[in-house]
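Written below as structure tokens is the structure these notes are about.
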Amino acid sequence: MAIFVTRGKGVQRYRAVVGLVSMDAPRLNAYQRDAHLTSLRARAVACAPAQGGFLVELEDTLFYPEGGGQPADAGTLDGQALLGLQKTADGRVLHLLAEAVEVGREVALELDWARRLDHMQQHSAQHILTALALAEFGWPTTAFHLGPDRSDLELGQDGLDLAALAGLQARANEIVRQARPVRTRWVSAEEFQTLPVRSRILPEGFAGPYRLVEIEGVDLNTCGGTHVASTAELQAVALTGTERLRGGTRVFFLAGGRVLRELGQAVAHQRALGELLSCPPADHPAAVSRLQAELREAGVQRRQLQSELALHLARELSRGPQPASLHRPEADMACLQAVARAFLELCPQGLALLTGKGLFVLAGPADRLKALGPQVAAALGGRGGGGAGLYQGKAAELSPAARERALATLRSS
Ligand SMILES: [Zn+2]
26 MAIFVTRGKG VQRYRAVVGL VSMDAPRLNA YQRDAHLTSL RARAVACAPA QGGFLVELED
86 TLFYPEGGGQ PADAGTLDGQ ALLGLQKTAD GRVLHLLAEA VEVGREVALE LDWARRLDHM
146 QQHSAQHILT ALALAEFGWP TTAFHLGPDR SDLELGQDGL DLAALAGLQA RANEIVRQAR
206 PVRTRWVSAE EFQTLPVRSR ILPEGFAGPY RLVEIEGVDL NTCGGTHVAS TAELQAVALT
266 GTERLRGGTR VFFLAGGRVL RELGQAVAHQ RALGELLSCP PADHPAAVSR LQAELREAGV
326 QRRQLQSELA LHLARELSRG PQPASLHRPE ADMACLQAVA RAFLELCPQG LALLTGKGLF
386 VLAGPADRLK ALGPQVAAAL GGRGGGGAGL YQGKAAELSP AARERALATL RSS
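Per our numbering, the sequence shown starts with residue 26, numbered consecutively.
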């Protein structure tokens, strides 16, 4: 969120300082001079083989390397896709490319503007939310993450929910509507001390000058990221959810194109639900709640009917020839076990082979199952195990012939 720049005696060199950037001379890259620039021509000054291709250094660059919570840019150099960006310890930006670039040659840089604008919208929205949360609500920001789909702020105030944050969202959107200018400027250490800069945490021994990002009348802070030029470019800021943190609250937010994208998805989901539920969106919660209640009731009835059916089938089996046999092609294990248990209640010394959807259960006296269970499993091309009167498992073969083989085993025992 903050980048510090220092003027020194060296040439055009950059130096990273605890995640921030300072430099020995204020020669800025194009992305720092103009965050809205989308194409540039620049000469290659170095090119070296590296893992995954070649690392190319240019005399100037359009591409913002990752920093301060803002992800790196994407784009092309002479039509070649930029595979990655690296920032050296002394602050130079290196471009990873699949093919080498001749040193001294001028290349055409094209920025993936949609990605950059998206990042600028989220980052500038974060400055507004952080500034308003502190100044108007007394909630300090302790962290910021810019994610690929949504971003979040960690506020040092616990127990916040979307209702409690409604005022913050309303104020942020008021600032967006006011189309306030966003400016970047450099100030000396002396001037810095006289300004109402929001965050004053600076790297040890840092002497300035400092890069400040000012959102007119809202925020003044040290920052090295790319920002919109007017708050109107944010279109809208939406707070979409919260998560509890120890002593704080994580607040998820969307800005710019992401608000419209999310809205588009929500509208599509609403339309699909409206067709499924045959009612307008306002009635969806009540309709789903009614369906859930009906489902619970149906579940209770189904279980009741299943146990009645199991009892009925077990009665039939107990009256028929032994060993008893029942094949229900769609029956699951719970269904087969229910019939088997009811059968044992009625016929503790009987034997019954029950088969279902790739499954079998053998019911009978525990002492007989020990030997018979594995034989039946083998006859059905399966494996099983069990205890307490039931031996069950999966069966690969449940054809009439296979079941007859299994029954023959039982009859001959
Ligand atoms: Zn920032």
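Glycine is no exception: its CB is placed at the ideal position from the N, C-alpha and C atoms. None of the values given here were measured: they were computed from a predicted structure.
Report task. Just confirm the distance between the C-beta atoms of E82 and R117, as a whole number of angstroms; I'd bet it's less than 8 Å. Result -> 6 Å
Query - Beta-carbon proximity of L185 to T166, cut-off 8 Å - result: no
**Report entry** Of the listed residues R353, G398, R393, nearest to P425 (C-alpha basis)
**Finding:** R353
Requested in this report: Using 10 angstroms around the beta-carbon of L288, count the other beta-carbons present and answer buried if the total reaches 16, otherwise exposed.
Outcome: exposed
Requested in this report: Flag V238 as yes when its Cβ comes closer than 7 Å to any non-hydrogen atom of ligand 1, and as no otherwise.
Outcome: yes
Query raised in the report: Are A312 and L320 close, meaning C-beta to C-beta below 8 Å?
Result: no
**Report entry** Other residues of its chain near P96: CB distance less than 7 Å, five sequence neighbours each side excluded
**Finding:** H144, L171
Query raised in the report: Closest by CA to R366, which one among G383, A391, A339, T380?
Result: When each option's Cα is compared against that of R366, the closest is A339.
Report task. Between the Cα of L394 and those of D357, P348, L134, spot the shortest distance and give me the residue it belongs to. Result -> Ranking the options by Cα distance to L394, first place goes to P348.
Query raised in the report: Between P306 and Q295, which are expected to be in contact by the criterion C-beta below 8 Å, what is the C-beta distance as a whole number of angstroms?
Result: 5 Å
**Report entry** Supposed contact pair G389 and G411 - C-beta distance, whole angstroms, cut 8 Å
**Finding:** Incorrect: roughly 10 Å between the Cβ atoms, too far for contact.
Query raised in the report: Whose CA, out of P74, E341, Y235, A188, lies closest to the CA of T219?
Result: For T219, the nearest C-alpha among the options comes from Y235.
Query raised in the report: For T251 versus L136, is the C-beta distance shorter than 8 Å?
Result: no
Query raised in the report: In this structure, does DSSP put P74 in helix, strand or coil?
Result: strand
Query raised in the report: CB of H152 to nearest heavy atom of ligand 1: below 7 Å?
Result: A heavy atom of ligand 1 is found nearer than 7 Å to the CB of H152.
Requested in this report: Give the secondary structure of Y56 by DSSP, where H, G and I count as helix, E and B as strand, and everything else as coil.
Outcome: helix
Report task. Give me the Cα-Cα distance between A259 and E241, rounded to the nearest whole angstrom. Result -> Rather than Ala, the amino acid found at residue 259 in this sequence is Leu. Cα to Cα, the separation comes out at about 15 Å.
Report task. Compute the minimum distance between the beta carbon of G93 and the heavy atoms of ligand 1, and state whether it is under 7 Å. Result -> yes
Requested in this report: Please name the residue or residues paired with G412 in a DSSP beta bridge.
Outcome: G412 pairs with L415.
Query raised in the report: Measuring CA to CA, which of Q146, V386, R175, A191 is closest to F162?
Result: Of the candidates Q146, V386, R175, A191, the one whose C-alpha sits nearest the C-alpha of F162 is A191.
Query raised in the report: Would the beta-carbon of H148 be found less than 7 Å away from any heavy atom of ligand 1?
Result: yes
Query raised in the report: Which whole-angstrom value describes the C-beta separation of A433 and A413, a residue pair presumed to lie in contact below a C-beta threshold of 8 Å?
Result: Going by Cβ atoms, the distance from A433 to A413 rounds to 26 Å, so no, they are not a contact pair.
Report task. Within the same chain, show all residues whose beta-carbon is closer than 6 Å to that of R275, passing over the 5 residues directly before and after it, in chain order. Result -> Excluding its 5 nearest sequence neighbours in each direction, R275 has C-beta neighbours in its own chain below 6 Å: D177, E179, E268, listed in chain order.
Report task. Indicate, with yes or no, if ligand 1 has a heavy atom lying under 7 Å from the CB of C72. Result -> Incorrect: C72 has no Cβ contact closer than 7 Å to ligand 1.
Query - Proximity test, G250 beta-carbon vs ligand 1 heavy atom, cut-off 7 Å - result: yes
Query raised in the report: Alpha carbon to alpha carbon, what distance is there between E322 and G92?
Result: If I take the Cα positions, the gap works out to 55 Å.
**Report entry** Entirely enclosed beta strand (DSSP E) segments - the segment 92 to 136, minimum 3 residues
**Finding:** 100 to 102, 109 to 112, 118 to 122, 131 to 136
Query - Proximity winner among A197, V132, A133, relative to L159 (alpha-carbon distances) - result: A197
Query raised in the report: By how many angstroms is the C-alpha of G324 removed from the C-alpha of D183?
Result: 40 Å
Report task. Report yes or no: do three or more beta-carbon pairs, one from the segment 137 to 156 and one from the segment 122 to 129, lie closer than 8 Å? Result -> no
Query raised in the report: Taking the alpha carbon of A420 as the point to measure from, which residue in P399, E216, T101 has its own alpha carbon closest?
Result: P399
Requested in this report: Kindly identify the DSSP beta-bridge partner or partners of S424.
Outcome: DSSP output for S424 lists no bridge partner at all.
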